[in-house]
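There are 2 protein chains.
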Amino acid sequence: MPSELELIEAFLAPFPGGERVVIGPGSDCAAVRPARGMKLVVTTDAVVERVHFSWLRFTPEDVGWKSLAVNLSDLAAAGARPRWFLCALAVPRGTTLRQASGVARGMAQLARRHRCALIGGNVTAASAWSVTITALGEAARPLSRAGARPGDALVVVGRLGEAAAGLRPGASAAESKAQRRPEPLVREGMKANAFASAAVDVSDGFLRDLGHLLRESRCGAQVECSLLPARDLDLALSGGEDYALLLSVPRRKLAALQRAVRCIEVGRIVRGSGIQLTEHGRPRPLPRVTGFDHLK
Amino acid sequence: MPSELELIEAFLAPFPGGERVVIGPGSDCAAVRPARGMKLVVTTDAVVERVHFSWLRFTPEDVGWKSLAVNLSDLAAAGARPRWFLCALAVPRGTTLRQASGVARGMAQLARRHRCALIGGNVTAASAWSVTITALGEAARPLSRAGARPGDALVVVGRLGEAAAGLRPGASAAESKAQRRPEPLVREGMKANAFASAAVDVSDGFLRDLGHLLRESRCGAQVECSLLPARDLDLALSGGEDYALLLSVPRRKLAALQRAVRCIEVGRIVRGSGIQLTEHGRPRPLPRVTGFDHLK
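Protein chains in written order, with numbering that gives the first Met the number 0: chain C, 0 to 295; chain P, 0 to 295.
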């Protein structure tokens with residue numbers, strides 16, 4: 000088992016510096032200079048061994064990539080530009096420098112792609128691996144789950160059900176990659192920001208995350224299942240970890256959004272509450288389990 | 000076991016809203032409006048069951064308090080004013096709403112005292128409880144561990160060794176409180192900011208944290224042990240979790256600091272590296288174990 004300082008040193012090695020970083024890793028706090036007039040957008044999300052991943056299926060690089068990806072996906076849903084992040088590691092006895100370096104490499108690969116700088120973190124012992132990242136971004140007008148209005152179009156960016164399919168035996172390479180190395184739709188989220196009235200990323204399952212958006216917006220929705228960008232409808236509706244974006248868009252802005260971002264209209268926001276599904280225009284009952292409850 | 004949404008609802012209940020919060024808990028991201036001209040100061044720290052606390056000794060309220068306190072102490076070391084925080088919970092099967100509410104109440108009590116608003120978080124299943132908080136503050140000129148210069152006075156704010164004493168049988172009420180409900184020295188840190196050249200909070204033990212400061216500042220230090228604000232010298236040197244502040248202060252600013260903040264001069268920064276201890280002016284050897292390694 001390496002010492003705490005050895006592990007921190009190995010972990011920090013692959014990360015480049017960042018812009019507007021006043022104090023980086025190595026002090027009690029990091030300090031950054033936020034851009035004038037922008038809102039600071041912040042999210043935190045954890046990836047836990049035996050809950051979100053197993054070492055049988057994931058390489059250390061996968062774990063590092065995915066831990067950051069799930070956070071960048073939240074920034075994408077807010078339409079924010081990623082800037083900085085902090086990484087709190089919990090590692091069990093027997094953790095090697097090789098494992099820690101692998102996690103760091105996968106994380107740094109995605110961080111470089113989105114020019115998001117590691118500015119601080121924490122390390123502690125624990126009974127299992129977990130990586131809790133807090134990502135900071137900037138947006139002039141961040142999107143939230145509230146703001147959808149009856150009449151808005153319901154739009155999906157990205158594909159549904161692939162990450163869940165990636166857990167099944169015989170998964171395709173694309174499905175396995177969607178599970179281990181999801182691509183956060185950061186550029187798409189930033190572009191969609193100008194058009195959408197509300198947004199959520201599909202992490203817990205389409206129906207469950209749509210439910211979150213509807214509850215916060217105090218609306219209902221109608222969804223035509225045949226339009227969902229998916230091969231397997233059950234997984235599309237209730238499988239989690241897709242990191243697609245689900246947007247409500249005022250009708251008059253829909254054409255402009257569709258020119259800016261590759262997306263599919265799958266339904267519309269209506270008065271009331273709850274979700275009505277149709278399949279080729281005919282009512283379809285809601286599945287009994289509608290997504291991922293992190294405590295069940 | 001409550002559902003994820005039930006647990007989140009119970010957890011959020013005791014927290015008041017905050018200032019300059021654009022999007023609070025309930026969306027993928029929180030969004031805040033940073034103050035113009037201030038640096039954003041950020042830290043993350045975790046408190047883990049069976050590593051940092053046991054339910055035999057800690058009430059849920061203690062765990063909530065301490066989880067936030069260790070983060071506010073980091074902001075205090077930077078001389079920053081706490082503003083907002085996010086809380087990532089990991090909870091095992093069998094967690095009750097009563098436990099979660101207790102953690103939230105203890106955390107909210109400290110948050111109110113320092114006007115620090117909960118703006119977001121995450122919840123996941125895990126094999127043991129952990130609370131990972133990311134705290135955000137603001138400072139015009141945040142302190143770091145780098146910046147100490149030979150000739151600076153070495154100053155301690157707060158007491159040393161009490162939290163470690165609080166773990167021993169027969170601990171006094173004050174010692175037990177120092178372990179379960181440490182008081183982050185936020186106001187003291189903000190005042191000291193105007194005078195100090197570098198700072199660290201004593202979380203891993205006086206010698207170990209002083210070592211961090213010296214390494215980042217590329218200096219050494221002489222410390223007179225009889226001046227340390229402690230009852231038990233061994234615990235003062237190497238016991239962790241004190242959340243005292245350790246500052247280097249240019250000599251010409253020392254008197255002004257001492258008028259502003261109750262503090263004790265315990266030594267000085269010197270050229271070179273490492274720590275030389277004296278006791279009543281005579282050399283004293285360094286202890287073999289100099290503090291808390293989170294992985295040992």
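All residues carry an ideal CB built from backbone N, CA and C; glycine is no exception.
By DSSP, does residue i sit in helix, in strand, or in coil?
i        : result
P/ASP44  : strand
P/ALA229 : coil
P/LEU88  : strand
C/ARG310 : With chain C represented from 0 up to 295, any question about residue 310 of chain C goes unanswered, as that position is not in the structure.
C/LEU294 : coil
P/LEU246 : strand
P/LEU184 : coil
C/ALA198 : strand
P/GLU161 : helix
P/SER126 : coil
P/VAL69  : helix
C/VAL20  : strand
C/SER100 : helix
P/SER26  : strand
C/VAL260 : coil
Tell me the DSSP bridge mates of residue i?
i        : result
P/GLY219 : P/VAL269, P/GLY273
C/LEU39  : C/GLU137, P/VAL31
P/PHE300 : Residue 300 of chain P lies beyond the range of chain P shown here (0 to 295); nothing can be said about it.
C/ASN121 : C/ALA87
C/PHE52  : C/GLU48
C/ARG283 : C/LEU276
P/ALA116 : P/TRP83
P/LEU153 : P/SER247, P/GLY266
P/THR131 : P/ALA45, P/ALA87
So residue i contacts chain P; which residues on that side make the cut at Cβ distance below 8 Å?
i        : result
C/PRO141 : VAL21, ILE22, CYS28, ALA30
C/ARG144 : GLY25, SER26, ASP27
C/SER126 : ARG49, SER126, ALA127
C/VAL90  : LEU294
Step through the CB atoms of chain C and report whether any lies within less than 8 Å of the CB of residue i.
i        : result
P/MET106 : no
P/VAL155 : no
P/ASP241 : no
P/GLY25  : yes
P/ASP200 : yes
P/LEU379 : This structure leaves residue 379 of chain P out entirely; chain P is present only between 0 and 295.
P/ALA229 : no
Taking residue i as the reference, give the member of the options with the closest Cα.
i        : options                                : result
C/SER247 : C/ALA29, C/GLY219, C/ALA34             : C/GLY219
P/GLY17  : P/VAL130, P/ARG112, P/VAL222           : P/ARG112
C/GLU309 : C/VAL40, C/ASP27, C/PRO13              : The displayed coordinates of chain C run from 0 to 295. Any statement about residue 309 of chain C would go beyond what the structure contains.
C/ARG179 : C/LEU55, C/HIS293, C/GLY210            : C/LEU55
P/HIS279 : P/LEU226, P/LEU159, P/TRP64            : P/LEU226
P/ALA103 : P/GLU161, P/ARG267, P/SER66, P/GLY146  : P/SER66
P/CYS28  : P/GLY120, P/LYS38, P/THR95             : P/GLY120
C/ARG117 : C/SER100, C/LEU135, C/TRP128           : The sequence shown places Leu at residue 117 of chain C, not Arg. Closest option to C/LEU117, Cα to Cα, is C/LEU135.
C/GLY150 : C/ARG144, C/GLY204, C/LYS252           : C/LYS252
C/ARG301 : C/GLY271, C/ALA139, C/ASP231, C/ASP241 : In this structure chain C extends from 0 to 295, so residue 301 of chain C is not present and cannot be described.
P/ALA76  : P/ALA229, P/SER237, P/ALA254, P/GLU182 : P/GLU182
Please confirm whether residue i has its beta-carbon closer than 8 Å to some beta-carbon of chain P.
i        : result
C/THR42  : yes
C/LEU6   : yes
C/MET189 : no
C/ALA162 : no
C/ALA152 : no
C/ALA99  : no
C/LEU246 : no
C/VAL222 : no
C/VAL185 : no
C/ALA79  : yes
C/ALA259 : no
Which residues in chain C sit within 9 Å of residue i, going by Cβ to Cβ distance?
i        : result
P/ASN121 : THR42, THR43, ASP44, ALA45, THR131, HIS293
P/ILE118 : VAL41
At 7 Å on the CB atoms, spell out the chain C contacts of residue i, in chain order.
i        : result
P/SER175 : None at all; the shortest Cβ gap to chain C is about 23 Å.
Mind pulling the chain C residues with CB within less than 8 Å of residue i?
i       : result
P/LEU85 : VAL41, THR42, THR43, THR133
Could you check whether the Cβ of residue i sits closer than 8 Å to any Cβ belonging to chain B?
i      : result
P/GLU3 : Annotation note: the requested chain B is absent from the structure, which comprises protein chains C and P.
Find the residues of chain P that neighbour residue i, judging by a C-beta separation of less than 7 Å, and give them in chain order.
i        : result
C/PRO33  : PRO33, LEU39
C/ALA254 : Going along chain P, no residue has its Cβ under 7 Å from C/ALA254, so there is no contact; the nearest lies around 26 Å.
C/LEU74  : CYS28
Could you list which residues in chain P have their beta carbon closer than 9 Å to that of residue i, in chain order?
i        : result
C/SER171 : Residues of chain P passing the Cβ test: none, with the nearest at roughly 28 Å.
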